[in-house]
Amino acid sequence: MPHYIFESRALRVRPGPICGVDEAGRGPLAGPVVAAAVILERKRIPKGLNDSKQLTPEDREALFPRILEMAIAVGVGEASVDEIDLINIRQATHLAMARAVRALSVAAMFALVDGNDAPALPCPCDTIVDGDARSVSIAAASIVAKVTRDRMMAALHEQHPGYGWLNNKGYSTEEHIAALNRLGPCVHHRRSFAPVHRLLYPNTPPEVCAAMMQQTIPEAEAA
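For the sequence shown, my numbering gives the first residue as 460, with consecutive numbering after it.
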């Protein structure tokens with residue numbers, strides 16, 4: 460179960476608000492990548508907090524409003540499909556994380572980020588492998604990011620019901636791949652991801668498509 464040890468260590472060195480940062484939607488074929496930043500204090504940690512992947516959808520939905528209520532601050536950021544295709548999923552994930560930290564109503568002095576890939580944030584940061592299972596702030600951020608993105612994909616499902624996004628959330632399931640082959644990609648699919656790229660540009664190498672995207676998609680903004 461996650462705990463407050465990493466936050467306590469950081470506070471000894473850097474007094475001031477410490478936020479946890481995590482993302483949801485790095486791997487899907489469709490939809491944005493979403494990140495969240497959450498600042499918690501030791502005495503106000505929602506009961507049952509855990510890595511979002513270890514929780515049921517019902518548990519995540521139940522914890523979501525409790526996190527919003529009990530946290531000092533919560534920020535959410537996203538990077539669009541166009542931005543993912545323009546700057547790649549790694550850089551788009553970092554962009555979403557930076558936007559989430561900027562969206563905090565209370566400025567964070569330091570960030571704990573899930574994983575081992577440190578993004579450029581408005582404040583210094585440290586990475587924690589499996590941080591969503593070890594740090595309460597990162598666990599809270601993982602839940603906020605996951606619930607927020609799942610709700611986005613449910614809304615997109617209403618617009619494009621044929622892809623099964625209500626269930627697969629845009630991930631590369633058999634249902635989704637079959638729908639892609641049957642219906643073709645829509646505007647919410649990531650053209651730079653191989654299964655979508657092969658359908659749209661069967662005779663064009665990915666690097667050529669990337670150069671074309673640089674000319675047709677506006678430059679991603681950091682704000």
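Even glycine gets a Cβ: it sits at the ideal position worked out from N, Cα and C.
Name the two residues that bound the continuous beta strand (DSSP E) containing residue i.
| i | result |
| --- | --- |
| residue 571 | 569 to 573 |
| residue 531 | First-last for residue 531: undefined, no H or E at that position. |
| residue 482 | 477 to 483 |
| residue 504 | Where residue 504 is concerned, there is no enclosing beta strand (DSSP E), given that its DSSP letter is neither H nor E. |
| residue 663 | Premise fails: residue 663 is in no beta strand (DSSP E) and is neither H nor E. |
Out of the options, which has the shortest C-alpha to C-alpha gap to residue i?
| i | options | result |
| --- | --- | --- |
| residue 603 | 481, 513, 475, 627 | 481 |
| residue 551 | 663, 628, 483 | 483 |
| residue 536 | 464, 616, 600 | 600 |
| residue 647 | 662, 661, 620 | 620 |
| residue 489 | 615, 502, 660 | 615 |
| residue 542 | 640, 651, 524 | 651 |
| residue 628 | 487, 539, 657 | 487 |
| residue 428 | 656, 460, 540, 645 | The chain is shown from 460 up to 682; residue 428 falls before or after that span and cannot be answered. |
| residue 737 | 474, 589, 611 | This structure does not reach residue 737, given that the chain is present from 460 up to 682, and the question cannot be answered. |
| residue 589 | 474, 475, 479 | 479 |
Do residue i and residue j have their C-beta atoms within less than 8 Å of each other?
| i | j | result |
| --- | --- | --- |
| residue 598 | residue 559 | no |
| residue 608 | residue 548 | no |
| residue 613 | residue 565 | no |
| residue 636 | residue 654 | yes |
| residue 514 | residue 534 | no |
Considering just the uninterrupted stretch of the alpha helix (DSSP H) at residue i, what are its terminal residues?
| i | result |
| --- | --- |
| residue 472 | 464 to 472 |
| residue 543 | 540 to 546 |
| residue 655 | 653 to 659 |
| residue 609 | 595 to 618 |
| residue 639 | 633 to 642 |
| residue 580 | Residue 580 -> no alpha helix (DSSP H), and no H or E assigned at all. |
| residue 627 | 624 to 627 |
Please go through the same chain and pick out, in chain order, the residues whose beta-carbon is closer than 8 Å to the beta-carbon of residue i, but skip the five residues on each side of it.
| i | result |
| --- | --- |
| residue 678 | Because residue 678 sits at a pLDDT of 34, beneath the cut-off of 50, its placement in the model cannot be relied upon, and the following sentence gives the value as read from the coordinates. So the qualifying residues of the chain are 545. |
| residue 462 | 593, 594, 595 |
| residue 477 | 466, 469, 470, 498, 567, 568, 569, 570, 571, 596 |
| residue 505 | 522, 525, 526, 529, 599 |
| residue 516 | 609 |
| residue 642 | 621, 622 |
| residue 555 | 482, 491, 492, 493, 494, 536, 537, 538 |
| residue 639 | 488, 622, 648, 654, 655, 658 |
| residue 577 | 584, 585, 586 |
So, for residue i: in the same chain, excluding its five sequence neighbours on each side, which residues have a beta-carbon less than 7 Å away from its beta-carbon?
| i | result |
| --- | --- |
| residue 583 | 569 |
| residue 511 | 519, 591, 601, 602, 605 |
| residue 684 | Residue 684 lies beyond the range of the chain shown here (460 to 682); nothing can be said about it. |
| residue 645 | 619 |
| residue 501 | 463 |
| residue 503 | 529 |
Within the same chain, show all residues whose beta-carbon is closer than 6 Å to that of residue i, passing over the 5 residues directly before and after it, in chain order.
| i | result |
| --- | --- |
| residue 574 | 586 |
Inset, instruction - Give a yes or no on contact between the segment 632 to 652 and the segment 460 to 471, applying the rule of three or more CB pairs nearer than 8 Å. - result: Output reads no: the segment 460 to 471 does not touch the segment 632 to 652.
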